[in-house]
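Numbering (this note's numbering), first residue to last: 53 to 259. Worksheet: one structure, shown below.
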(Lines of atoms letter the chains of each structure in order from A; the text may use other names.)
(Lines give C-alpha, C1' and ligand atoms only; values in the text may rest on other atoms or scores of the structure.)
Protein backbone atom coordinates (compact mmCIF):
# COMPACT_ATOMS: atom_id res chain seq x y z
CA UNK A 53 0.00 0.00 0.00
CA UNK A 54 1.41 3.39 -1.00
CA UNK A 55 1.22 6.01 1.76
CA UNK A 56 3.15 8.90 0.23
CA UNK A 57 1.28 10.95 -2.38
CA UNK A 58 2.18 10.75 -6.07
CA UNK A 59 2.42 14.55 -6.16
CA UNK A 60 3.57 16.61 -3.22
CA UNK A 61 1.65 19.72 -2.18
CA UNK A 62 2.85 23.05 -3.51
CA UNK A 63 4.73 24.51 -0.57
CA UNK A 64 7.07 27.45 -0.25
CA UNK A 65 10.75 26.57 -0.49
CA UNK A 66 12.83 28.91 1.66
CA UNK A 67 16.33 29.83 0.48
CA UNK A 68 17.40 31.88 3.48
CA UNK A 69 19.42 31.27 5.52
CA UNK A 70 19.67 28.03 3.50
CA UNK A 71 17.30 25.84 1.46
CA UNK A 72 14.54 24.30 3.56
CA UNK A 73 10.77 23.78 3.62
CA UNK A 74 7.99 22.35 5.71
CA UNK A 75 4.73 20.56 5.01
CA UNK A 76 1.87 21.01 7.42
CA UNK A 77 -0.54 18.69 9.13
CA UNK A 78 -2.58 16.71 6.58
CA UNK A 79 -0.52 17.90 3.59
CA UNK A 80 1.83 14.97 2.95
CA UNK A 81 -0.26 12.22 4.58
CA UNK A 82 -3.98 12.11 5.15
CA UNK A 83 -4.96 12.46 8.79
CA UNK A 84 -5.98 8.80 9.17
CA UNK A 85 -2.50 7.72 8.02
CA UNK A 86 -0.81 10.23 10.33
CA UNK A 87 -2.76 8.87 13.30
CA UNK A 88 -2.07 5.25 12.38
CA UNK A 89 1.68 5.91 12.11
CA UNK A 90 1.67 7.61 15.51
CA UNK A 91 -0.43 4.88 17.15
CA UNK A 92 1.90 2.18 15.81
CA UNK A 93 5.22 3.98 16.33
CA UNK A 94 7.79 1.25 17.11
CA UNK A 95 9.08 1.18 20.70
CA UNK A 96 11.68 -1.61 20.66
CA UNK A 97 15.38 -1.87 19.71
CA UNK A 98 16.24 1.78 20.40
CA UNK A 99 19.74 2.79 21.50
CA UNK A 100 20.29 5.56 24.03
CA UNK A 101 22.72 8.06 22.49
CA UNK A 102 24.55 11.00 24.02
CA UNK A 103 27.32 13.18 22.55
CA UNK A 104 29.20 16.24 23.72
CA UNK A 105 30.21 19.05 21.35
CA UNK A 106 33.75 18.86 22.78
CA UNK A 107 34.21 15.37 21.31
CA UNK A 108 31.65 15.35 18.47
CA UNK A 109 30.51 17.61 15.64
CA UNK A 110 27.28 18.18 17.58
CA UNK A 111 25.82 17.62 21.00
CA UNK A 112 22.67 15.56 21.53
CA UNK A 113 20.78 13.16 23.72
CA UNK A 114 18.07 10.90 22.33
CA UNK A 115 16.99 7.36 21.57
CA UNK A 116 17.68 6.09 18.06
CA UNK A 117 16.91 3.05 15.93
CA UNK A 118 18.39 2.73 12.43
CA UNK A 119 15.97 1.02 10.05
CA UNK A 120 17.99 1.22 6.86
CA UNK A 121 21.37 2.44 5.69
CA UNK A 122 24.51 1.32 3.85
CA UNK A 123 25.06 -2.22 5.08
CA UNK A 124 22.25 -1.90 7.65
CA UNK A 125 18.74 -3.35 7.63
CA UNK A 126 16.99 -3.76 10.99
CA UNK A 127 13.46 -3.19 9.78
CA UNK A 128 12.15 -6.70 10.42
CA UNK A 129 9.17 -6.88 12.74
CA UNK A 130 7.84 -3.41 11.96
CA UNK A 131 4.07 -2.84 12.18
CA UNK A 132 2.46 -3.23 8.77
CA UNK A 133 1.86 0.48 8.22
CA UNK A 134 5.50 1.22 9.01
CA UNK A 135 6.68 -1.51 6.65
CA UNK A 136 4.51 0.09 3.95
CA UNK A 137 6.02 3.53 4.61
CA UNK A 138 9.55 2.14 4.54
CA UNK A 139 8.80 0.52 1.19
CA UNK A 140 7.56 3.88 -0.12
CA UNK A 141 10.70 5.65 1.06
CA UNK A 142 13.00 3.06 -0.50
CA UNK A 143 11.26 3.35 -3.86
CA UNK A 144 13.43 5.42 -6.27
CA UNK A 145 10.42 7.69 -6.84
CA UNK A 146 10.75 9.15 -3.35
CA UNK A 147 14.38 10.14 -3.87
CA UNK A 148 13.54 11.70 -7.22
CA UNK A 149 10.61 13.66 -5.81
CA UNK A 150 12.67 15.11 -2.96
CA UNK A 151 15.53 15.93 -5.32
CA UNK A 152 13.14 17.69 -7.70
CA UNK A 153 11.68 19.76 -4.85
CA UNK A 154 15.17 20.81 -3.74
CA UNK A 155 16.54 21.28 -7.26
CA UNK A 156 19.37 18.74 -6.94
CA UNK A 157 20.27 15.30 -8.29
CA UNK A 158 18.81 12.31 -6.42
CA UNK A 159 21.01 10.83 -3.68
CA UNK A 160 22.82 7.55 -4.17
CA UNK A 161 21.52 6.01 -0.95
CA UNK A 162 19.25 6.64 2.03
CA UNK A 163 19.73 6.36 5.76
CA UNK A 164 16.42 5.94 7.61
CA UNK A 165 16.03 5.92 11.36
CA UNK A 166 13.55 6.50 14.14
CA UNK A 167 14.25 8.91 16.99
CA UNK A 168 12.68 9.55 20.38
CA UNK A 169 13.46 12.55 22.55
CA UNK A 170 12.56 12.16 26.21
CA UNK A 171 12.11 15.12 28.59
CA UNK A 172 15.44 16.93 28.84
CA UNK A 173 16.72 15.61 25.48
CA UNK A 174 17.98 17.93 22.75
CA UNK A 175 20.05 18.26 19.56
CA UNK A 176 22.58 21.09 19.43
CA UNK A 177 23.46 23.40 16.50
CA UNK A 178 24.88 21.54 13.49
CA UNK A 179 24.84 21.49 9.69
CA UNK A 180 24.73 17.69 9.19
CA UNK A 181 27.59 15.54 7.94
CA UNK A 182 29.19 16.41 4.62
CA UNK A 183 28.06 13.09 3.10
CA UNK A 184 24.39 14.01 3.59
CA UNK A 185 22.54 15.64 0.71
CA UNK A 186 19.31 16.29 2.61
CA UNK A 187 17.45 15.48 5.81
CA UNK A 188 13.70 14.89 5.79
CA UNK A 189 12.06 14.68 9.22
CA UNK A 190 8.52 13.36 9.81
CA UNK A 191 6.88 14.28 13.13
CA UNK A 192 4.41 11.97 14.87
CA UNK A 193 3.26 13.70 18.03
CA UNK A 194 -0.50 14.21 18.57
CA UNK A 195 -1.30 17.36 20.52
CA UNK A 196 2.32 18.52 20.80
CA UNK A 197 2.68 22.13 21.99
CA UNK A 198 5.45 24.59 21.19
CA UNK A 199 6.06 25.32 24.88
CA UNK A 200 6.98 21.66 25.40
CA UNK A 201 10.17 22.24 23.39
CA UNK A 202 11.48 19.61 20.99
CA UNK A 203 11.03 22.11 18.12
CA UNK A 204 13.20 22.12 15.02
CA UNK A 205 14.86 25.53 14.96
CA UNK A 206 16.33 26.96 11.76
CA UNK A 207 19.40 29.02 12.65
CA UNK A 208 21.09 31.92 10.90
CA UNK A 209 24.50 30.86 12.24
CA UNK A 210 26.08 28.44 14.68
CA UNK A 211 24.73 30.57 17.55
CA UNK A 212 21.88 28.65 19.27
CA UNK A 213 20.15 31.97 20.00
CA UNK A 214 20.10 32.96 16.29
CA UNK A 215 16.68 31.35 15.62
CA UNK A 216 15.19 32.32 12.24
CA UNK A 217 12.22 29.94 12.19
CA UNK A 218 10.73 27.15 14.28
CA UNK A 219 8.81 24.00 13.37
CA UNK A 220 6.61 22.47 16.08
CA UNK A 221 6.86 18.64 15.86
CA UNK A 222 3.10 18.10 15.75
CA UNK A 223 1.49 15.06 14.23
CA UNK A 224 1.78 15.08 10.41
CA UNK A 225 4.22 17.96 9.98
CA UNK A 226 7.49 17.39 8.11
CA UNK A 227 10.65 19.41 7.54
CA UNK A 228 13.09 19.07 4.65
CA UNK A 229 16.59 20.56 4.76
CA UNK A 230 19.15 20.74 1.96
CA UNK A 231 22.53 20.27 3.59
CA UNK A 232 25.15 22.99 3.13
CA UNK A 233 27.98 24.55 5.11
CA UNK A 234 25.44 27.12 6.39
CA UNK A 235 22.47 24.82 7.10
CA UNK A 236 22.60 25.36 10.84
CA UNK A 237 19.68 23.94 12.81
CA UNK A 238 18.94 22.41 16.19
CA UNK A 239 16.23 20.75 18.26
CA UNK A 240 15.28 22.68 21.38
CA UNK A 241 15.35 20.79 24.68
CA UNK A 242 12.17 18.90 25.51
CA UNK A 243 10.77 20.45 28.68
CA UNK A 244 11.44 18.36 31.84
CA UNK A 245 7.77 18.26 32.84
CA UNK A 246 6.40 16.86 29.56
CA UNK A 247 4.59 13.54 30.12
CA UNK A 248 5.50 12.02 26.74
CA UNK A 249 8.38 11.58 24.31
CA UNK A 250 8.88 13.40 21.00
CA UNK A 251 8.76 10.85 18.17
CA UNK A 252 10.12 11.34 14.67
CA UNK A 253 11.29 9.56 11.54
CA UNK A 254 14.47 10.83 9.88
CA UNK A 255 15.38 10.19 6.26
CA UNK A 256 18.86 11.26 5.14
CA UNK A 257 19.84 11.33 1.48
CA UNK A 258 23.48 10.27 1.18
CA UNK A 259 25.91 11.39 -1.51
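No residue lacks a Cβ here, since even glycine has one placed at the ideal position from N, Cα and C. Everything numeric in this text was worked out from a predicted model, so none of it was measured.
Let's see if you can read the secondary structure: which residues bound the alpha helix (DSSP H) around residue i?
i: residue 184; result: Note, residue 184: premise wrong, no alpha helix (DSSP H); beta strand (DSSP E) at 184–191.
i: residue 145; result: 144–154
On a Cα-Cα basis, can you pick out the residue from the options that is closest to residue i?
i: residue 172; options: 200, 148, 149 and 193; result: 200
i: residue 10; options: 120, 131 and 198; result: Nothing in the structure corresponds to residue 10, since the chain is present only between 53 and 259.
i: residue 61; options: 247, 150, 103 and 242; result: 150
i: residue 240; options: 234, 258 and 176; result: 176
i: residue 226; options: 253, 209, 190 and 248; result: 190
i: residue 212; options: 247, 196, 174 and 233; result: 174
i: residue 181; options: 254, 169 and 233; result: 233
i: residue 69; options: 146, 82, 104 and 230; result: 230
Between which two residues does the beta strand (DSSP E) harbouring residue i extend?
i: residue 116; result: 112–121
i: residue 87; result: It is not in any beta strand (DSSP E) - residue 87 instead sits in the alpha helix (DSSP H) that spans 83–91.
i: residue 97; result: Run containing residue 97: none; DSSP gives neither H nor E here.
i: residue 234; result: Element bounds for residue 234: n/a, residue is neither H nor E.
i: residue 202; result: No beta strand (DSSP E) holds residue 202; DSSP gives it neither H nor E.
i: residue 252; result: 250–258
i: residue 216; result: 215–219
i: residue 175; result: 174–178
i: residue 72; result: 72–75
i: residue 167; result: 161–169
If you count every other CB in all the chains shown that lies within 10 Å of the CB of residue i, and 16 or more means buried, which is it?
i: residue 193; result: buried
i: residue 67; result: exposed
i: residue 123; result: exposed
i: residue 159; result: buried
i: residue 244; result: exposed
i: residue 64; result: exposed
i: residue 224; result: buried
i: residue 57; result: exposed
i: residue 88; result: buried
i: residue 235; result: buried
i: residue 86; result: buried
i: residue 238; result: buried
i: residue 249; result: buried
i: residue 167; result: buried
Leaving out the 5 sequence neighbours to the left and right, which residues in its chain are closer than 8 Å to residue i when beta-carbon positions are compared?
i: residue 101; result: 112, 113, 114, 115 and 116
i: residue 97; result: 117 and 126
Only counting the same chain, and skipping five residues up and downstream in sequence, which positions put a Cβ closer than 6 Å to that of residue i?
i: residue 256; result: 163, 184 and 187
i: residue 228; result: 73 and 188
i: residue 93; result: 192 and 251
i: residue 218; result: 203 and 205
Taking 7 Å as the limit between beta carbons, can you name the residues of its chain near residue i, skipping five residues before and five after?
i: residue 109; result: 178
i: residue 207; result: 177, 214, 215, 216, 236, 237 and 238
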